[in-house]
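Asker:
Residue numbers (this note's numbering): 316 to 585.
1. May I have the straight-line CA-CA distance separating residue 399 from residue 569, to the nearest angstrom?
2. Note down, in chain order, each residue of its chain lying with its Cβ closer than 7 Å to the Cβ of residue 504, except the 5 sequence neighbours on either side.
3. What's the gap between the Cα of residue 519 and the Cα of residue 553?
4. Leaving aside the five residues before and after residue 420 along the sequence, list all residues of the same chain whose C-beta is less than 8 Å from its C-beta, in chain order.
5. Helix, strand or coil for residue 399, going by three-state DSSP, please let me know.
6. Can you look up residue 547 in the DSSP assignment and give me helix, strand or coil?
7. Output yes or no for whether 8 Å exceeds the beta carbon distance between residue 426 and residue 466.
8. Starting from the Cα of residue 521, find the closest Cα among 533, 532, 539 and 514 and give me that residue.
9. For residue 531, does the three-state DSSP call read helix, strand or coil?
10. Does residue 526 pass the burial test, meaning 16 or more other C-beta atoms within 10 Å, or should it be called exposed?
11. Relative to the C-alpha of residue 474, which residue among 517, 444 and 535 is closest?
12. Let me make sure I understand the geometry here. Which of 560, 482, 524 and 577 has the alpha-carbon closest to that of residue 431?
13. What did DSSP end up calling residue 351 once you bin it into helix, strand or coil?
14. By the 10 Å Cβ neighbour count, where 16 or more other Cβ atoms means buried, how is residue 417 classified, buried or exposed?
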């Protein structure tokens, strides 16, 4: 008969074996719990991959600094003194076609072509220039040394006298002397550059009450110019677009540089 070990001799060995078998698990859990307490602080989540915070970047605006605004009297600051901001509205651009001719040529196309050339010429002259749509959101509170809206007149034949250009400013503004000077400069220089006659008798309420006049900052001097009729003047406008742009650029420079306004040979008035 084989001698069997007594239970009292085997039980301690079995308990010691089981204790050592679970020791790594216990140590691992202790390590995890200690790590969690180290990472966690009040007010933070326990997520190891928190969502990134989006950085908000302030966007530049088109409004000029105070040093680029024209003073209350007729400006005497020339181009050498500071870089000024000019706004150009390409009439009907971004909104509708404006006048549409029988061959589908549109006023909006004519206006944008001229405005784009004016913009380039003014940028080359060291201006900051904004090319704006007809109902551009940036017109609200817009600040600049001057704003000029460029338009063209009807494609329809009205009569043999329906030729030439016209300029107008707001009927009511806090700086009528500035507006008068800007319109005089545009009228004079545009007539001199293009040789077109002024057609002031056809200035309408749509011009003097032009929507942008009531949207821009009250200290921004503004005018609207109809560069010619898309019937009798169309050939000249499309073949001499650079001259048309020169007339507008020269008018703006006349105003900014406080140049003398002489009578245009075509307008019969300053």
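Backbone N, C-alpha and C fix where the C-beta goes; we use that ideal spot for every residue, glycine too. No experiment lies behind these values; they were computed from the predicted model shown.
Answerer: Short version:
1. Rounded to the nearest angstrom, the gap between the Cα atoms of residue 399 and residue 569 is 14 Å.
2. Result list for residue 504: 562, 565, 566 and 569, in chain order.
3. Those two C-alpha atoms are separated by around 24 Å.
4. Cβ within range, chain order: 470, 545 and 549.
5. DSSP places residue 399 in coil when its eight states are reduced to three.
6. Here residue 547 sits in coil by DSSP.
7. By the CB criterion at 8 Å, residue 426 and residue 466 fall inside the cutoff.
8. Nearest C-alpha to residue 521: 539.
9. In the structure shown, residue 531 sits in coil (DSSP, three-state: anything other than H, G, I, E or B).
10. It is exposed - the Cβ of residue 526 has fewer than 16 other Cβ atoms within 10 Å.
11. The shortest C-alpha to C-alpha distance from residue 474 to any of 517, 444 and 535 is the one to 517.
12. Distances from the alpha-carbon of residue 431 to those of 560, 482, 524 and 577 put 560 closest.
13. Bear in mind that a pLDDT of 45 at residue 351, under 50, signals an unreliable position, so the number given afterwards is only what the model happens to contain. Assigned with DSSP and collapsed to three states, residue 351 falls in helix.
14. Per the 10 Å Cβ criterion, exposed.
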